Amino acid sequence: MKIFKGISASAGITIGKVFLYLDDNLKVPKYRISSEEISSEMDRFRLATKKVEEDLIKIQSHASKHQLEEESRFLDSHMLMLTDPEFIKQIEENLRSFNRNIEWVLLMTVKQFISTLKKADSPYLVERTVDLYDVTQRIHRHLLFREKISLADIEHEVVVVTHNLMPSDTATMNRKMVKGLVLNAGGKTSHTAILARAFGIPSVLGLTDITDEARSGDAIIVDGNSGTVILNPDNDTLIEYNKRAQKWLQHEKHLNKINKLSSVTLDGQRVLLSANIEMPEEVEQVLSHGADGIGLFRSEFLFLKPSGFSSEDDQYAAYSEVVSKMKDNGGVTIRTLDVGGDKIIPDFETIDEKNPLLGWRAIRFCLNRKDTFKVQMRALRRASMNGVLRIMFPMISGVEELEDALDFLEETKEELRNEGIPFDENIRVGIMIEVPSAAITSDILAKKVDFFSIGTNDLIQYTVAVDRGNENIAYLYKYFHPGVLRLIKTVIDHAHDAGIPVAMCGEMAGDPLASVVLLGMGLDAFSMSSSVLPSVKEILRSVRMDEAEKLVAEVMKMSSFQKIEDYVSGWMNERFDDISV
Numbered sequence: 102m103k104i105f106k107g108i109s110a111s112a113g114i115t116i117g118k119v120f121l122y123l124d125d126n127l128k129v130p131k132y133r134i135s136s137e138e139i140s141s142e143m144d145r146f147r148l149a150t151k152k153v154e155e156d157l158i159k160i161q162s163h164a165s166k167h168q169l170e171e172e173s174r175f176l177d178s179h180m181l182m183l184t185d186p187e188f189i190k191q192i193e194e195n196l197r198s199f200n201r202n203i204e205w206v207l208l209m210t211v212k213q214f215i216s217t218l219k220k221a222d223s224p225y226l227v228e229r230t231v232d233l234y235d236v237t238q239r240i241h242r243h244l245l246f247r248e249k250i251s252l253a254d255i256e257h258e259v260v261v262v263t264h265n266l267m268p269s270d271t272a273t274m275n276r277k278m279v280k281g282l283v284l285n286a287g288g289k290t291s292h293t294a295i296l297a298r299a300f301g302i303p304s305v306l307g308l309t310d311i312t313d314e315a316r317s318g319d320a321i322i323v324d325g326n327s328g329t330v331i332l333n334p335d336n337d338t339l340i341e342y343n344k345r346a347q348k349w350l351q352h353e354k355h356l357n358k359i360n361k362l363s364s365v366t367l368d369g370q371r372v373l374l375s376a377n378i379e380m381p382e383e384v385e386q387v388l389s390h391g392a393d394g395i396g397l398f399r400s401e402f403l404f405l406k407p408s409g410f411s412s413e414d415d416q417y418a419a420y421s422e423v424v425s426k427m428k429d430n431g432g433v434t435i436r437t438l439d440v441g442g443d444k445i446i447p448d449f450e451t452i453d454e455k456n457p458l459l460g461w462r463a464i465r466f467c468l469n470r471k472d473t474f475k476v477q478m479r480a481l482r483r484a485s486m487n488g489v490l491r492i493m494f495p496m497i498s499g500v501e502e503l504e505d506a507l508d509f510l511e512e513t514k515e516e517l518r519n520e521g522i523p524f525d526e527n528i529r530v531g532i533m534i535e536v537p538s539a540a541i542t543s544d545i546l547a548k549k550v551d552f553f554s555i556g557t558n559d560l561i562q563y564t565v566a567v568d569r570g571n572e573n574i575a576y577l578y579k580y581f582h583p584g585v586l587r588l589i590k591t592v593i594d595h596a597h598d599a600g601i602p603v604a605m606c607g608e609m610a611g612d613p614l615a616s617v618v619l620l621g622m623g624l625d626a627f628s629m630s631s632s633v634l635p636s637v638k639e640i641l642r643s644v645r646m647d648e649a650e651k652l653v654a655e656v657m658k659m660s661s662f663q664k665i666e667d668y669v670s671g672w673m674n675e676r677f678d679d680i681s682v
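Residues in the sequence shown are numbered consecutively from 102, following the numbering used here.
See the structure below:
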């Protein structure tokens, strides 16, 4: 028996047999060509891409036939890559520069693109390298006349174990037979992870080397709840996990009932529970989990791509898609571009910063690059005609930045009016409170906006001076630090004094352990990953406001995060012994 720990990408527990899905390594030849052969090599490339395009059309047809809209949409980006003029131009330039065969030039060109993507400190952007790899492999196979086994042909129930599953593989796999996914690579924002969650397939990613240990036919346990994979479990472990699997099934049935209920406390206090999303493809999951809208739509996916920033029309289409689907389901809060600093933008001029997290990022970047900001503002305003759209500015540190952003927003309104382009004149505008200076002066800021959303991920690291990515000091990154709690309470009180609602969209909002404390502080709305929403809803439906307020009153008297954490854990475990917190 061997135990592996990875990233929990899709919840659930499954027990089955390994299907080792290893892509045979294509040997890419390398040989010199003459300048006269460049044209014929490009013809070979175009023919291969045409065949790949035909393959993708067939896959999309299969997806549409089986009403797999999300999977089909993922392949749109692959189709775009095949016809991307910048990509094709770079291929031809490299052919002329290297004077080598098209297979080798394609490999080198894609490595250049992937290298650029991996320099960005963005999980989403790094995960997009999978798409490039997928398309490249398909082109190489046609150039080299090689075929590939399809996961659609699986005829028995299996757990797929592989290095890195391609989105096109995920879209066509036999979902009735694939009971679990286990990958060496990947993360929570990868296409595979998103599709796995949409399919309800327990998945663990980021295991590094499990393909070196697993063999087809091995017994395997996949615990997507904890990110644990067990190869060849002993009998006692099998018995234990069979019990856990049955318990999880009962838990899932119970939570499915919770999805349809309102988030109302025992004494009738309504609390909004909305969802955070990274991409339009996640909307269906948001709706199925009964969210009260989308409280945070991160717009970075439209900017973090090797071909450059999305045009106004492309952004308009992406925003409109989400806003239309959420029209009668609470609407959408879209955060404006939050890149820069440690989030490097491909092929874009950057500056050398010693402290990038304290540097040129988010609203600071946008106010400096108003050409980029204007395109987004126009697209957002145009999309507002399709439903309820709210705009939220990130990393506001003080009133000057806020006023500059609001003034710029007014300029785009006037510009659209003059062009006769319709938009919602009453779009609500808010800010993220994630900088201590903004929290402390939130009484001033509250007079100028329609709502607040507390971004605890950054607020905690800036307040406690802890880099949340530094393992050596991770023990100091605590929700329940008295300084953090006091800032949160200050923000909530200032917002309410000004008559505006306050939400929270950081990870703290989706932590069941923190839910009653935040309720007692007066938080109006929680925004979180839709997968954890039912668990938080169940807790909030099981308490009264006076209980939550009394808990907060005790907590705010305490002097250390450890005392607070121990007290809250004891209170929650005593009250919710049948709920996982």
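All C-beta atoms in this analysis are idealised placements derived from N, C-alpha and C, irrespective of residue type, glycine included. Note that the coordinates shown come from a computational prediction; the quantities given were computed from them, not determined experimentally.
Taking C-beta atoms as the reference points, Ile532 and Gly607 fail to come closer than 8 Å.
Tyr132 counts as exposed, since fewer than 16 other beta carbons sit within 10 angstroms of its beta carbon. Scanning the region 561-611 from its first residue to its last, the whole alpha helix (DSSP H) runs of 4-plus residues come out as 583-598. Distances from the CA of Met646 to each of Asp667, Leu624 and Thr434 were compared; the closest alpha carbon is that of Leu624. Nearest to Gly318 by C-alpha distance, out of Lys190, Ser141 and Gly117, is Gly117. Residue pairing from DSSP places Val119 in a beta bridge opposite Val260.
With fewer than three CB-CB distances shorter than 8 Å, the region 382-398 does not count as touching the region 641-660.
If one requires a minimum length of 4 residues, the alpha helix (DSSP H) runs lying completely within the region 302-363 are 311-314 and 336-360, in chain order. For Val530, the enclosing beta strand (DSSP E) starts and ends at Val530 to Ile534. A Cβ-Cβ distance of about 7 Å is found for the pair Met182 and Leu233, placing them in contact under the 8 Å criterion. Beta-bridge partners of Arg436 (DSSP): Arg399 and Met493. When beta bridges are read from the DSSP output, Asn377 appears opposite Leu397.
The alpha carbon of Cys467 has as its nearest neighbour, out of Pro334, Gly432, Leu510 and Ile545, the alpha carbon of Leu510. Between Gly113 and Gly307, the gap from beta carbon to beta carbon reaches 8 Å or more. Taking all protein chains shown into account, Ile464 has 16 or more neighbouring C-beta atoms within 10 Å of its C-beta and is therefore buried.
Per the C-alpha coordinates, the member of Leu373, Leu481 and Ala297 positioned closest to Val424 is Leu481. Here Met478 carries a helix assignment [DSSP, helix/strand/coil]. The C-beta distance from Ala253 to Met274 rounds to 6 Å, short enough to fall under 8 Å. If you ignore the 5 residues before and after Phe552, its C-beta comes within less than 6 Å of the C-beta of Gly531, Ile601 and Pro602, all in its own chain and listed in chain order.
By the neighbour-count criterion, in which a residue is buried when 16 or more other Cβ atoms sit within 10 angstroms of its Cβ, Thr564 is buried. Per DSSP, Ser554 is one residue of the beta strand (DSSP E) stretching across Phe552 to Ile555. Around the C-beta of Leu332, 16 or more other C-beta atoms lie within 10 Å, and the residue is accordingly described as buried. In the DSSP assignment, Lys280 falls outside any alpha helix (DSSP H) and within the unbroken beta strand (DSSP E) covering Val279 to Leu284.
The beta carbon of His595 lies closer than 6 Å to those of Ser543, Asp544 and Ala547 in the same chain, with the five residues before and after it left out.
Within the same chain, Glu142, Asn200, Arg201 and Asn202 come within 7 Å of Ile134 by CB-CB distance, once the 5 residues on both sides are set aside. Here Ser109 has Val305, Gly325, Asn326, Ser327 and Gly328 as same chain residues with Cβ atoms under 7 Å from its own Cβ, once five neighbours each way along the sequence are excluded. Cβ contact annotation for Asn377 (same chain, cutoff 7 Å, sequence separation greater than five): Gly396, Leu397, Cys606, Ser628, Met629 and Ser630, in chain order.
Excluding its 5 nearest sequence neighbours in each direction, Lys426 has C-beta neighbours in its own chain below 6 Å: Val384, listed in chain order. Under a 10 Å Cβ-count criterion, Lys358 is classified as exposed, with fewer than 16 other Cβ atoms of the shown protein chains found around its own Cβ. Here DSSP, grouped into helix, strand and coil, assigns Arg239 to helix. Lys106: member of the beta strand (DSSP E) spanning Lys103 to Lys106, first to last residue.
For Glu155, same chain residues with a beta-carbon under 6 Å away, outside a window of 5 residues either side, do not exist.
DSSP places Phe627 in the uninterrupted beta strand (DSSP E) bounded by Ala626 to Met629. Leu438 is positioned such that its CB atom lies no closer than 8 Å to that of Arg479. Between Asp335 and the set Thr366, Pro186, Lys103 and Ile302, the nearest pair of CA atoms involves Lys103.
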